[in-house]
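Input: a single structure, listed below in structure tokens.
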Amino acid sequence: MAIPITVLDCDLLLYGRGHRTLDRFKLDDVTDEYLMSMYGFPRQFIYYLVELLGASLSRPTQRSRAISPETQILAALGFYTSGSFQTRMGDAIGISQASMSRCVANVTEALVERASQFIHFPADEASVQALKDEFYGLAGIPGVIGVVDCMHVAIKAPNAEDLSYVNRKGLHSLNCLMVCDIRGALMTVETSWPGSLQDCVVLQQSSLSSQFEAGMHKESWLLGDSSFFLRTWLMTPLHIPETPAEYRYNMAHSATHSVIEKTFRTLCSRFRCLDGSKGALQYSPEKSSHIILACCVLHNISLEHGMDVWSFPVTGPVEQPPEEEYEHMESLDLEADRIRQELMLTHFS
1 MAIPITVLDC DLLLYGRGHR TLDRFKLDDV TDEYLMSMYG FPRQFIYYLV ELLGASLSRP
61 TQRSRAISPE TQILAALGFY TSGSFQTRMG DAIGISQASM SRCVANVTEA LVERASQFIH
121 FPADEASVQA LKDEFYGLAG IPGVIGVVDC MHVAIKAPNA EDLSYVNRKG LHSLNCLMVC
181 DIRGALMTVE TSWPGSLQDC VVLQQSSLSS QFEAGMHKES WLLGDSSFFL RTWLMTPLHI
241 PETPAEYRYN MAHSATHSVI EKTFRTLCSR FRCLDGSKGA LQYSPEKSSH IILACCVLHN
301 ISLEHGMDVW SFPVTGPVEQ PPEEEYEHME SLDLEADRIR QELMLTHFS
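84 is the number that full-length UniProt numbering gives to position 84 of the sequence shown; each next residue is one higher, with no gaps.
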């Protein structure tokens with residue numbers, strides 16, 4: 001007689017019906033050094049995430065064996081920081097690879113839901129002025145409230161719109177637009193742009209551009225490299241500096257813009273799922289963009305908790321598609337050009 005087969009939970013097969021939750025791994029049973037080596041973050045930070053995300057991760061489900069928020073968070077941190085669902089990670093906390101994947105999805109969505117809480121421009125005038133003062137102290141450019149750039153993150157080839165995600169290296173990627181402050185804290189993150197789009201097109205079509213064009217943060221500007229057009233709110237370097245003032249301005253611009261380059265390197269060193277060394281993110285563009293955003297949220301939370309991003313060991317430069325020639329990028333915006341000329345005459349002559 002045929003015996004009916006039921007699809008069982010992988011963890012049920014591994015561990016039986018003895019417990020309702022998977023709490024075999026206890027944070028208090030291991031050292032801080034172990035937590036840092038396996039999950040990339042210290043104990044108190046993980047406890048904070050459990051408190052922050054616990055309600056979202058404890059939502060009622062149809063599953064008979066719920067995985068605790070603590071275990072879900074450890075599984076997700078293990079993936080973000082290693083870029084792998086390797087067996088030893090699941091074994092360490094007592095769950096299967098399939099459950100690891102579900103944990104990453106749950107924690108990612110919980111972090112994305114809170115993105116606006118941790119990633120935003122300062123709203124009050126005093127905080128904006130503090131940004132300007134900090135950037136001015138770095139290299140002498142006044143009025144700067146952030147530096148902007150794009151970073152490519154490799155993804156698997158999507159089923160639809162395949163060519164739109166192929167970047168100039170011939171790889172599938174998402175082109176992520178970000179703005180950071182002088183500490184490396186992210187104030188804008190847009191992670192869903194297809195890799196085929198040039199940086200200038202991403203910025204032009206972004207909500208960031210719409211906000212600044214609408215007059216957000218008047219008498220302030222961002223700094224962007226030569227892949228962007230000069231705007232009244234976006235100062236770029238001169239393509240061919242000629243005068244001493246222009247050279248000094250370009251040097252100050254480069255020194256200031258390097259903050260976001262360091263931030264990108266730190267992001268990819270801390271969150272190895274982003275750096276491509278473990279291969280592309282094996283998800284759809286939408287899910288991949290959420291994973292990137294979740295890592296950015298964790299980056300900012302770690303800064304809020306006093307974890308210095310610059311102290312994190314950086315393994316190397318972020319590998320990006322080759323630069324295009326940008327001679328054509330000089331803006332036809334006469335007002336923007338006037339502002340940049342006045343900036344150089346006033347502060348770099």
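Beta carbons: idealized from backbone N, C-alpha and C, even for Gly.
Nothing here was measured: the structure is a model prediction, and the numbers come from that model.
Going by Cα to Cα distance, which pick from the options is closest to residue i?
i: Gln-205; options: Lys-218, His-217, Phe-229; result: Phe-229
i: Ala-105; options: Ser-116, Asp-124, Tyr-80; result: Tyr-80
i: Ile-182; options: Trp-221, Glu-134, Val-189; result: Glu-134
i: Gly-306; options: Gln-117, Thr-31, Thr-108, Gly-184; result: Gly-184
i: Gln-44; options: Ser-96, Leu-74, Ala-252; result: Leu-74
i: Leu-281; options: Gln-341, Ser-84, Asn-167, Phe-348; result: Ser-84
i: Cys-176; options: Leu-163, Pro-158, Val-202; result: Val-202
i: Leu-197; options: Met-251, Leu-234, Leu-163; result: Leu-163
i: Ala-157; options: Gly-279, Asp-308, Ile-339; result: Gly-279
i: Ala-115; options: Leu-345, Glu-342, Asn-300; result: Asn-300
Bridge partners for residue i per DSSP, in chain order?
i: Ala-76; result: DSSP output for Ala-76 lists no bridge partner at all.
i: Pro-194; result: Leu-174
i: Cys-296; result: None; Cys-296 has no bridge partner.
i: Cys-180; result: Val-147, Leu-186
i: Arg-231; result: Leu-234
i: Val-166; result: His-172
i: Leu-281; result: Ile-155
i: Ala-336; result: Partner(s): none; Ala-336 has no beta bridge.
Once you ignore the five residues that flank residue i on each side, which residues in its own chain have a CB closer than 8 Å to its CB?
i: Leu-174; result: His-152, Val-153, Ile-155, Tyr-165, Thr-191, Ser-192, Trp-193, Pro-194, Gly-195, Pro-285, Ser-288, Ser-289, Ile-292
i: Leu-334; result: none
i: Glu-125; result: none
i: Met-36; result: Pro-42
i: Ile-5; result: Low per-residue confidence applies at Ile-5: pLDDT is 35, beneath 50, and the placement is therefore not dependable enough to give any value.
i: Cys-200; result: Ser-227, Phe-228, Phe-229, Met-329
Taking 6 Å as the limit between beta carbons, can you name the residues of its chain near residue i, skipping five residues before and five after?
i: Gly-54; result: Pro-69
i: Gly-16; result: Confidence at Gly-16 is low in this model, with a pLDDT of 37, below 50, so its placement is unreliable and the value that follows should be read with caution. Here the set comprises nothing.
i: Ala-336; result: Leu-230, Arg-231, Thr-232
i: Gln-62; result: Its pLDDT being 47, under 50, Gln-62 is placed unreliably in this model, and the value from its coordinates should be taken loosely. Once the five neighbours on either side are set aside, Gln-62 has no close Cβ partner at all.
i: Ser-349; result: Ala-245
What span of residues does the alpha helix (DSSP H) with residue i cover, start to end?
i: Ala-154; result: Note, Ala-154: premise wrong, no alpha helix (DSSP H); beta strand (DSSP E) at 144 to 154.
i: Thr-266; result: 244 to 270
i: Ser-37; result: 32 to 39
i: Met-100; result: 97 to 113
i: Lys-26; result: Where Lys-26 is concerned, there is no enclosing alpha helix (DSSP H), given that its DSSP letter is neither H nor E.
i: Leu-274; result: Taken as a continuous stretch (DSSP letters only), Leu-274 belongs to no alpha helix (DSSP H), as it is neither H nor E.
i: Phe-45; result: 43 to 57
i: Glu-349; result: According to the sequence displayed, residue 349 carries Ser and not Glu. Neither: Ser-349 is in no alpha helix (DSSP H) and is coded neither H nor E.
Within the continuous beta strand (DSSP E) that includes residue i, where are the two ends?
i: Gly-224; result: 221 to 224
For residue i, I'd like the list of residues in its chain whose CB is within less than 7 Å of its CB, leaving aside the five on either flank, ordered along the chain.
i: Met-1; result: With a pLDDT of 43 at Met-1, under the threshold of 50, the modelled position of this residue cannot be trusted; read the value that follows with caution. Cβ neighbours of Met-1 beyond the five flanking positions: none.
i: Gly-40; result: Leu-77, Thr-81, Arg-270
i: Val-50; result: Pro-69, Glu-70, Ile-73
| the stretch 108 to 118 / the stretch 295 to 306 touching (three or more Cβ pairs under 8 Å) | yes
| query | Do the stretch 213 to 231 and the stretch 139 to 146 touch if we need at least three Cβ pairs shorter than 8 Å? | reply | yes
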